[in-house]
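For reference, the structure discussed in these notes is given below.
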Amino acid sequence: MAPVRIYPSLRFLLLHLLAAARAVRNYPENEVTLLDSMSALGDLGWEAYPAEGWEEISVMDERNTPMRTYQVCNVMEANQNNWLRTRHIARDGAQRVYIEIKFTLRDCNSLPGVPGTCKETFNMFYYESNNPNLWFIKESQYVKIDTIAADESFTQVDVGDRVMKLNTEVRDISNLSKKGFYLAFQDVGACIALVSVRVFYKKCPLTVLNLAQFPDTVTGGDSALVEVRGACVNDSEEFEAPRMYCSADGGWLVPIGRCICKPGFEEHKDICQPCRPGSYKASSMDTYCTKCPPHSYSPQEKASECACDKDFYRTHTDPRSMACTRSPSAPENPISTINETSVTLEWSPPRENGGRGDVTYSIHCKKCSGDGRKCGPCGSGLHFVPRQFGLSDTKVLVTDLQPHTNYTFSIEAVNGVSDLSPSPKQLVSVNITTSQTVSVILKERKSKDSVTLAWQGPDRASGAIVEYEVIYYEKNQRDQNYTVLKTKSNMMTVEGLKPGTTYVFRVRARTDGGYGNYGGEIELETSHEDMLAIGDPNQSTILAVSIAGGIVLLIFLVACFVVSGRHCGYIKAKQDPDEEKMQFQHGRVKLPGSRTYIHPHTYEDPNQAVRDFAKEIDASCIRIERVIGAGEFGEVCSGRLKLPSKREIYVAIKSLKAGYSEKQRRDFLSEASIMGQFDHPNIIRLEGVVTRCKPVMIITEYMENGSLDTFLKKHDGQFTIIQLVGMLRGIASGMKYLSDMNYVHRDLAARNILVNSNLVCKVSDFGLSRVLEDDPEAAYTTRGGKIPIRWTAPEAIAYRKFTSASDVWSYGIVMWEVISYGERPYWEMSNQDVIKAIDEGYRLPAPMDCPLVLHQLMLDCWEKGRSERPKFGQIVNTLDKLIRNPSILKELANCSMWEDPTTPEFSVGTVEEWLDAIKMGQYKENFASAGYVTLDSILYISVSELVKMGVTLVGHQKKILSSVQGLQARGTHVHV
């Protein structure tokens, strides 16, 4: 019987289908076409065998453009084996290619008189080859891709009504390695028209991200990611090697590293554009070009610094952002005070400091003889205290002046650019003349307790004599005690001296110009009259008694001094003013030893809060290694932090995604402002922030085991109860610290607890936290926002009021999560059901193998009255007692959550539904293969049978057996 052909009406409809298929050929930019049968202008040149099988059909569209397709409809004969093979298709370097075929297929039931051998499917094969000119390929050499079936088949009636639809199927071939391949289509007895065949591969298209250009990249074989190194765009340089991964579906993933614009250029829409005239960018670490600082300019584009205006300068150490400056004016108001052979010079700062803060002073000296005939430099004989040049204070002492000499001291103000300025030095001068020394003492008179002196004044005093100064002391006692007397006369009687004692006297004159030099020393001894005779026995006795009494008195005084000193020392310690000080911080009074949390929103400038509480880290100290998650504001990565003079540490890095608003930036950094105030081993530690360049980042310590809920689910049943209690104790300790700081977390849950490699649990995620008022019982009222219902106290749900007591409620839920190894609180109950159940007095039952004392502590945390709940300090003490006395933990709670009638397994009727209800759905095939297909069959299952089935985790075994016990207690006929 002749093969069935497509009827004229079908050919006409096929023309419309071809035209429609050609009209929608808008392919994604990440697809590269290797073959498109609808684009061929000449014969496709495909091989069909046998000859009476596939038939090429050519039709013309409305533009007289040929469109070609293949059809076969040999349905009247059995054992059809018709092959259609394409030409060699070069793979163009792709390891994975996709084949998109569009076809129509006729329903066998619509063909009258067709035997039962009619098919409604066909097969697709491929053969890899380096030879583009193969003329024959054995059927056994082909690799089957798939059997293709139609979603939409047509009948003759459909053709008449013109509702025939195209079927579109896409298949892929992976791990190609040769130059190309052949496609083949096998018909085994269907009535089919192959409308179009398109072969393509996917690529990640050229893109620019973080100023790095990533080229067109062919995707890898299977699902492998291809790492691509980016190239910095023009006028930029690497900050950290830019890398991205090309995914199997042609999308770019996980950008790491970035480029930054070179000096003189700023980032603008993925390019680095030059700074405009009048602006500059000095460092590649700067983000944007900025306006030239005062007294400077940049006449051209691409300026990395601005040139200084005339008479203004900048040193090589000045930052390029600093305004250009000039030399200071001269100092003002010089004052001199002469004292013997020294002079103290004082002055006022210059009126103009040149715009700099590094003004120093230098002293220049010139001297002339008394008659003024000979002048010259002062030389090295003078000494300047503290120094002659580079003075920071406006005062200097000059010593070792020569008497009766005229000095001129010139004071110069200099700054960092004085050496660059050609202008003359700006000086202020002061002239002084040293006084003549007083003549030696001309006459003297002495008695047993007084000395009378007379002297002659200076021959050539620099001004009128104002007074004389007499200094005297016992010989060899100058450093211990001396006396100074003053008189306007050139004669003085010094009284009250010791008989028979030698004294040293010196005299100097003071004029309007200051003090002159002291005259020479003169030694005088008072007379010995009325002194005790050492040889007289009576006098010796009196002397001995006096000495003994003096010794006793001395001992008494020393004792009093010691006692008094101790007493005074105690009083001083008690009244140490440093201990009485109160600290004022941002409008709050802090008593010594106390710490109070300050919310960043109380700052008028939120950026100041970041500066107050978070350390700024140079981005060059951070190395991002891999992406570990995603947060509300951007990616979360792990990496390393190496600060100067410190060892390298692992850190977690939260980055703010591009295109953020200022509010998002503030909200993002507010968490750092919060964390930066905490210092506790069970609170996540903030290392610092990066705010001066993009991306903005928050750097925290790295917690190797991630979030507590995920960690517990991964290690179900693998910890002892003491280890679990230790984790709970750490969380409670961290919350006690927060509570003591008047801080409410509001989102305490196992997902917000992080675990390090030593199983230390630390509280994190402060996005919902708020500060309490001064009253510890006060509550914070929210202004909207989502509330985590399953973890939140009823008063917080009802009235949106949060306290440390509501955190205690949440802590009880965390206890339940820990003991149940990450089970979802309240299982699959809806939020509204949870709220209603709690209001009616329902509380979560004890988890499996939960000690009675721990479940009772949970129930205490869930007291409806917040004042009846324990404080975190009490919780810590309770857990400490349990750790010290683990025997208390042996008594288990009577009720298990797997035995509670409200739990989901009691609303199921099959083993599969039961396993899904207890979150053990992964073992469905294990139970089915072992013959456990009804609930009755699992009532007496044992541990050994579970092991044989492949249930090897102890926690999973306990969960299944505990649930089975619940089913036994109620009977499998109970189904709600």
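Going left to right, the sequence shown walks through residues -23 to -1, 1 to 953 as mature numbering (1 follows the signal peptide of the UniProt record, and there is no 0) numbers them. In this text, a Cβ means the ideal position worked out from N, Cα and C, and glycines have one as well.
Selected residue, minimal CA-CA separation from residue i, among the options
i, options, result
"Y449", "P92, E329, V471, M221", "V471"
"V737", "D693, A773, F688, L725", "F688"
"N51", "S787, C168, E32, Q72", "C168"
"S940", "G908, W891, Y909", "W891"
"E902", "K239, G927, K96", "G927"
"L242", "E204, S281, G255", "Before going further, note that residue 242 is Phe rather than Leu in the sequence given. Considering only alpha carbons, the answer is S281."
"S369", "Q379, P380, C352, E323", "E323"
"I790", "F779, P824, T780, S807", "P824"
"V74", "I150, Y104, M680, L18", "I150"
"M712", "R297, D656, F696", "D656"
"P771", "W804, N808, K425", "N808"
"Y338", "C301, E278, S406", "S406"
"residue 955", "F696, P765, V91", "With the chain covering only -23 through 953, there is no way to say anything about residue 955."
"R235", "A259, G227, G207", "G207"
"R767", "S504, N211, E794", "E794"
Where the beta strand (DSSP E) through residue i begins and ends
i, result
"S313", "309 to 316"
"M897", "Element bounds for M897: n/a, residue is neither H nor E."
"H245", "242 to 245"
"D13", "8 to 13"
"C342", "337 to 345"
"S213", "213 to 223"
"H360", "360 to 362"
Same chain, Cβ closer than 6 Å to residue i, neighbours up to 5 away in sequence not counted
i, result
"S35", "P43, R45"
"M674", "I630, S632, V667"
"A55", "T94"
"K465", "E444"
Residue span of the alpha helix (DSSP H) that contains residue i, given as start and end
i, result
"L892", "888 to 894"
"G166", "No alpha helix (DSSP H) contains G166, which DSSP labels as neither H nor E."
"I708", "698 to 717"
Nonlocal neighbours in the same chain, by C-beta distance under 7 Å from residue i, ignoring five residues either side
i, result
"L829", "E868, L869, A870"
"P109", "H65, G157"
"Q57", "N51, D164, V165, G166"
"M469", "L430, V447, L462"
"V49", "G30, W31, E32, N59, D164, I169"
"Y798", "L689, K690, D693, G694, G932"
"R483", "I448, Y495, G496, E498"
"E557", "With a pLDDT of 30 at E557, under the threshold of 50, the predicted position of this residue should be treated as unreliable, and no value is reported."
Residue i (DSSP reduced to helix, strand or coil)
i, result
"V443", "strand"
"S427", "strand"
"G850", "helix"
"I771", "Reading the sequence as shown, one finds Pro at residue 771 and not Ile. Helix."
"A521", "Residue placement at A521 is poorly supported in this model, since its pLDDT is 42, which falls under 50; the coordinates are not used for a value here."
"R642", "helix"
"T503", "coil"
"A586", "helix"
"G665", "strand"
"V(-20)", "The predicted position of V(-20) is uncertain, since its pLDDT is 45 and thus under 50; a value taken from the coordinates is nonetheless stated next. Of the three classes helix, strand and coil, the one that applies to V(-20) here is coil, per DSSP."
"D123", "strand"
"P824", "coil"
Length of the line joining the Cα atoms of residue i and residue j
i, j, result
"K858", "P577", "38 Å"
"K179", "L731", "40 Å"
"I815", "A591", "41 Å"
"E146", "L202", "25 Å"
"K246", "Q190", "13 Å"
"G493", "A486", "6 Å"
"K650", "A586", "Checking the sequence shown, residue 650 turns out to be Ser, not Lys. Their backbone Cα atoms lie some 6 Å apart in a straight line."
"G703", "W786", "19 Å"
"T124", "F99", "6 Å"
"C238", "D263", "8 Å"
"S256", "T292", "20 Å"
"V195", "L18", "28 Å"
"I312", "N458", "32 Å"
Cβ neighbours of residue i in the same chain (closer than 8 Å, five flanking residues each side left out)
i, result
"D377", "T318, S319, G358, L359, H360"
"residue 986", "The shown model of the chain, from -23 to 953, leaves out residue 986, and the question about it has no answer."
Closer than 7 Å: residue i CB and nearest the ligand NAD heavy atom
i, result
"K279", "For the ligand NAD, the structure offers nothing, since it holds no ligand at all."
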